[in-house]
Amino acid sequence: MRKALLLVFVAAFTFFFIGCGGDNANRKPAPTAITITAASTEVIVGEQLQLACTVTPSTADNRVTWSTGDANIVKIVNANTGLIEGLAVGKTTITVTSKADSKIKDSVEIEVKPIVYDDPESVSVTAPRNTVSIGSVLQLTATVAPATAEQKVTFTSSNEDVATVSATGVVTGVALGEVVITVMVDADETITTTFQVYVIHGSLTVESVVIQGETEMFEGDSITLQATVLPAGVSQNVIWSSSNETIATISDKGVVSALKQGSVTITAVSVEDSTVSSSHVILVKPEVPSVVYPDLGGYKIIMYASPGYEKEHDPFLTGYIGSDITAKQQAWNDVEQLFNCDLDVQPYPDEAPWGDLRVQWLVQKAQTNAAEADILVVTGLWTKALVEGNAILDTQEWYAKYGRNKMPPAMKAAGTYRGGLYNLIYSAADGINVYYGIFYNYNLLNDYSLESPAKLFNEGRWSYTDFKNYVLEAQSKMTGKTVLSGKPVLYWAGMVNAGGVALTDSLTLNVNFSHQYAIAAAQVLRDTYVNNCWGDQGWDHESASFRDGNTLFSVGEYWFVKTDSRWPDIMWGDDTRYGFVPFPYPDNFNKESTRTVNLGGQYYALGAGRNYPAGVTAENIYWAWTETILRTEEYMLQDPTYHLDSAMRQEAMSRFDDPESADALIFFKKDKVIFDPFTSLLSYMPISNEAIDPIVNNGEDYMQKLTPFVQTYMIALQDMYG
Numbered sequence: 019m020r021k022a023l024l025l026v027f028v029a030a031f032t033f034f035f036i037g038c039g040g041d042n043a044n045r046k047p048a049p050t051a052i053t054i055t056a057a058s059t060e061v062i063v064g065e066q067l068q069l070a071c072t073v074t075p076s077t078a079d080n081r082v083t084w085s086t087g088d089a090n091i092v093k094i095v096n097a098n099t100g101l102i103e104g105l106a107v108g109k110t111t112i113t114v115t116s117k118a119d120s121k122i123k124d125s126v127e128i129e130v131k132p133i134v135y136d137d138p139e140s141v142s143v144t145a146p147r148n149t150v151s152i153g154s155v156l157q158l159t160a161t162v163a164p165a166t167a168e169q170k171v172t173f174t175s176s177n178e179d180v181a182t183v184s185a186t187g188v189v190t191g192v193a194l195g196e197v198v199i200t201v202m203v204d205a206d207e208t209i210t211t212t213f214q215v216y217v218i219h220g221s222l223t224v225e226s227v228v229i230q231g232e233t234e235m236f237e238g239d240s241i242t243l244q245a246t247v248l249p250a251g252v253s254q255n256v257i258w259s260s261s262n263e264t265i266a267t268i269s270d271k272g273v274v275s276a277l278k279q280g281s282v283t284i285t286a287v288s289v290e291d292s293t294v295s296s297s298h299v300i301l302v303k304p305e306v307p308s309v310v311y312p313d314l315g316g317y318k319i320i321m322y323a324s325p326g327y328e329k330e331h332d333p334f335l336t337g338y339i340g341s342d343i344t345a346k347q348q349a350w351n352d353v354e355q356l357f358n359c360d361l362d363v364q365p366y367p368d369e370a371p372w373g374d375l376r377v378q379w380l381v382q383k384a385q386t387n388a389a390e391a392d393i394l395v396v397t398g399l400w401t402k403a404l405v406e407g408n409a410i411l412d413t414q415e416w417y418a419k420y421g422r423n424k425m426p427p428a429m430k431a432a433g434t435y436r437g438g439l440y441n442l443i444y445s446a447a448d449g450i451n452v453y454y455g456i457f458y459n460y461n462l463l464n465d466y467s468l469e470s471p472a473k474l475f476n477e478g479r480w481s482y483t484d485f486k487n488y489v490l491e492a493q494s495k496m497t498g499k500t501v502l503s504g505k506p507v508l509y510w511a512g513m514v515n516a517g518g519v520a521l522t523d524s525l526t527l528n529v530n531f532s533h534q535y536a537i538a539a540a541q542v543l544r545d546t547y548v549n550n551c552w553g554d555q556g557w558d559h560e561s562a563s564f565r566d567g568n569t570l571f572s573v574g575e576y577w578f579v580k581t582d583s584r585w586p587d588i589m590w591g592d593d594t595r596y597g598f599v600p601f602p603y604p605d606n607f608n609k610e611s612t613r614t615v616n617l618g619g620q621y622y623a624l625g626a627g628r629n630y631p632a633g634v635t636a637e638n639i640y641w642a643w644t645e646t647i648l649r650t651e652e653y654m655l656q657d658p659t660y661h662l663d664s665a666m667r668q669e670a671m672s673r674f675d676d677p678e679s680a681d682a683l684i685f686f687k688k689d690k691v692i693f694d695p696f697t698s699l700l701s702y703m704p705i706s707n708e709a710i711d712p713i714v715n716n717g718e719d720y721m722q723k724l725t726p727f728v729q730t731y732m733i734a735l736q737d738m739y740g
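Here it is, written out as structure tokens:
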């Protein structure tokens, strides 16, 4: 029906257009000649050159298009204006062709020359301080003089058992002691300097800010930057600023909006220590020129989702609850027309049930070139197996080409494995960012006249101590019932993440099991256990005491709520009501400093092993899908009736019955999300059964139980992100 209506519209529009064309009496004649004029026929690698042309006669149609003989040597930046960019040393021919008559053209040979550097004379190194705590990082900055010399240097550490240093000058404290960092100029290895670093015991004093995000964007676009304040555990709040707001602005959420071409420096300053900051240079490129989309010949792009959950992905299915439904429907219609394709969400077949069996099925299908779907809904737990089984494709190159740098750093990290990028853009617009949380029986809350925990969070009264006191007080009132259920390991991880600390940090490659927040969180959970506050400690959604209505809280995933196969909307009868509260944060924190986590959960991947018909490629599929996401965002932002908080509230209240829970959910915008692959690196069953459960339930020694797991997680972290 959608295509039928579209064809009627196109036919009507075509008739209207032809009818308005008249006898074309005003059309200009085609030129008889074109001549290229250029100030120079040479360009330096990385620089741009503006070419121009004149048409004869001067009254002729002057519309032209520019093309390159070798796109590896010279890139056409703007095919309409003749702006080019040198990419590699060499020569190639640039041609300008009349749009009115393709036989009328002219060419010029362009030579791309190498960058010529002056000889280096000296090198210096600076840093915010000369100390770094164990497990934290210190950024060194090397400067080669003169400024016209090549700036490439090599960093080395005199003792990697005390501190290591990365290729970019990031020093990581390993053990107490002192170390000498040597900086050598690559262009002249006889030119060196040294910097002494002292590794000290950890503290919660701000040491550095690291900005993650893209370094290029296009006019009119927006991207999100993420600032990480180190060491782990200090407030992650920063103040953003732009060096030139006529080129690009940045919001307090880290969203950069490009206004015009140029280079701009974005700075993030720690709110706890204004002397600690970091800068990030972004190049704003010209607006992307119009493109010709590939004709996929009616190809059906199939997405596989878990049976019963197709409605979470297809905006045309009954039950789709996303606030982007109208914009997404419009975007899907656009893509189906532009690419001449169909978008179709289907359930995984019965022979591919959830878990390891689905992974094995996907790998087997891909390796025999019998894959059945183009786009796969998968989870971060499967990334390693799917990549090593060649079942999903690395999309890094295509993301740079079509993704317009729209993926926030946490989302991008969630789909990264050994330098490859395996997740597609899930959603370009902001929205629900909570993955794990504490969910509660709103019926029980009212039965026992308990204050809404979400209200406490919204009012800034939800620290570790506040949480413990709430649980103990609630337990004193709930005779015959309990307050907590679910796996302690998930409470523990969520509470540490709420302090802005990743248990497994993909940025610093540290395992933070011994962080003071991790120890404090475990002690809070232990205190609640000895006071008989726990019911069933079931996995996933399976805590029987919560399902039976005998426990107030359970830890779980956002999508569990009012989902038939998890926590259905009739779990406690027809009047079933749910609430949500974020994990509590450390006592030295406030609400504004707390964070939620992206654990590398559900994402879209591009399946391998598909037998595409002629004219269809995996790159085409990636482009088409990415276009649906980008256009969805554009339509949402163009809609004057769309307001992010209202949209988030509407979606939240489709699952929760406590209005305070919606406010708590809305609090977590993209700037309050950190990435922690803790639950996707390895199965967390062993660390739960052998460490966290004994610590919480039996009071066993924290360090003794967790230390054996540090090396295991460190190896996995290095393997995935090192």
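If you read the sequence shown in our numbering, its first letter stands for residue 19, the second for the next number, and so on.
A virtual CB, placed ideally from N, CA and C, is assigned to each residue, including glycine.
Straight-line CA distance for residue i to residue j?
i	j	result
glutamate 224	glutamine 385	Reading off the sequence shown, one finds valine at residue 224, where the question assumed glutamate. One C-alpha to the other measures close to 49 Å.
aspartate 558	tyrosine 720	24 Å
isoleucine 133	lysine 170	14 Å
threonine 110	isoleucine 52	19 Å
tryptophan 630	aspartate 412	Inspection of the sequence shows that residue 630 is occupied by tyrosine rather than by tryptophan. Each residue's alpha carbon lies about 18 Å from the other.
alanine 520	glycine 512	9 Å
arginine 544	cysteine 551	10 Å
leucine 25	alanine 97	The predicted position of leucine 25 is uncertain, since its pLDDT is 37 and thus under 50; a value taken from the coordinates is nonetheless stated next. Those two C-alpha atoms are separated by around 31 Å.
isoleucine 152	serine 532	11 Å
glutamate 637	threonine 644	10 Å
leucine 204	threonine 161	The sequence shown places aspartate at residue 204, rather than the leucine named in the question. Going from the Cα of aspartate 204 to the Cα of threonine 161 covers about 12 Å.
alanine 29	arginine 45	The predicted model places alanine 29 with a pLDDT of 40, which falls under 50 and marks its position as unreliable; any figure quoted below should be read in that light. If you take the alpha carbons of alanine 29 and arginine 45, they lie about 24 Å apart.
methionine 429	proline 47	53 Å
isoleucine 767	asparagine 423	The displayed coordinates of the chain run from 19 to 740. Any statement about residue 767 would go beyond what the structure contains.
glycine 187	threonine 50	59 Å
Would the beta-carbon of residue i fall within 8 Å of that of residue j?
i	j	result
proline 365	serine 481	no
glycine 553	threonine 500	yes
isoleucine 112	valine 61	no
threonine 190	valine 155	yes
valine 289	serine 253	yes
methionine 738	tyrosine 488	no
valine 150	threonine 211	no
tyrosine 621	isoleucine 393	no
alanine 409	glycine 625	yes
valine 63	valine 126	no
leucine 301	serine 281	yes
proline 600	threonine 612	yes
aspartate 681	asparagine 476	yes
glycine 251	tyrosine 535	yes
serine 524	alanine 431	yes
threonine 180	glutamate 196	The residue you asked about is not threonine; residue 180 is valine in the sequence shown. Yes, the Cβ-Cβ distance between valine 180 and glutamate 196 is below 8 Å.
phenylalanine 11	serine 503	Outside the displayed span of the chain (19 to 740) sits residue 11, for which this structure offers no information.
Could you work out which residue in the options is closest to residue i when comparing CA atoms only?
i	options	result
valine 615	Leu543, Asp291, Ile320, Val691	Val691
aspartate 119	Ile588, Val82, Leu222	Val82
valine 274	Pro426, Tyr466, Thr293	Pro426
asparagine 747	Arg584, Ile588, Ala516	This structure cannot speak to residue 747, because the chain is shown only from 19 to 740.
tyrosine 547	Asn528, Leu105, Lys486	Lys486
alanine 492	Tyr731, Leu462, Arg479, Lys723	Leu462
tryptophan 350	Val728, Asp448, Gln729, Ile647	Ile647
tyrosine 440	Asn707, Tyr640, Phe236	Tyr640
**OP:** Would you list, in sequence order, the uninterrupted beta strand (DSSP E) runs of no fewer than 3 residues that lie entirely inside the segment 85-146?
**Re:** 92-96, 101-104, 108-116, 123-131, 140-144
Original post:
Which runs of the alpha helix (DSSP H) spanning at least 4 residues fall entirely within the segment 598-647, listed in chain order?
Top reply: none
**OP:** Would you check if the segment 398-406 and the segment 209-216 touch, i.e. whether three or more CB-CB distances between them fall below 8 Å?
**Re:** no
Subject >> Three CB pairs or more closer than 8 Å across the segment 319-336 and the segment 276-287 >> reply: no
Original post:
Hey, is the segment 461-480 in contact with the segment 563-572, meaning 3+ C-beta pairs nearer than 8 Å?
Top reply: yes
Original post:
Can at least three beta-carbon pairs, one atom from the segment 340-352 and one from the segment 643-651, be found at a separation below 8 Å?
Top reply: yes
**OP:** Write down every uninterrupted run of the beta strand (DSSP E) in the segment 298-343 whose length is 3 residues or greater and which is fully enclosed by it, in chain order.
**Re:** 317-323
Original post:
Whole alpha helix (DSSP H) runs in the segment 485-519 with 4 or more residues, listed along the chain?
Top reply: 506-516
Original post:
Curious, which full-length alpha helix (DSSP H) runs of at least 4 residues does the segment 387-419 contain?
Top reply: 401-406
Subject >> Runs of alpha helix (DSSP H) wholly within the segment 662-729 (minimum 4 residues, chain order) >> reply: 662-671, 677-684, 696-699, 711-716
Original post:
Just checking, does the segment 304-318 make contact with the segment 354-363 on the three C-beta pairs under 8 Å criterion?
Top reply: yes
Original post:
Is it a yes or a no for the segment 362-377 touching the segment 292-308, going by three-plus beta-carbon pairs under 8 Å?
Top reply: no
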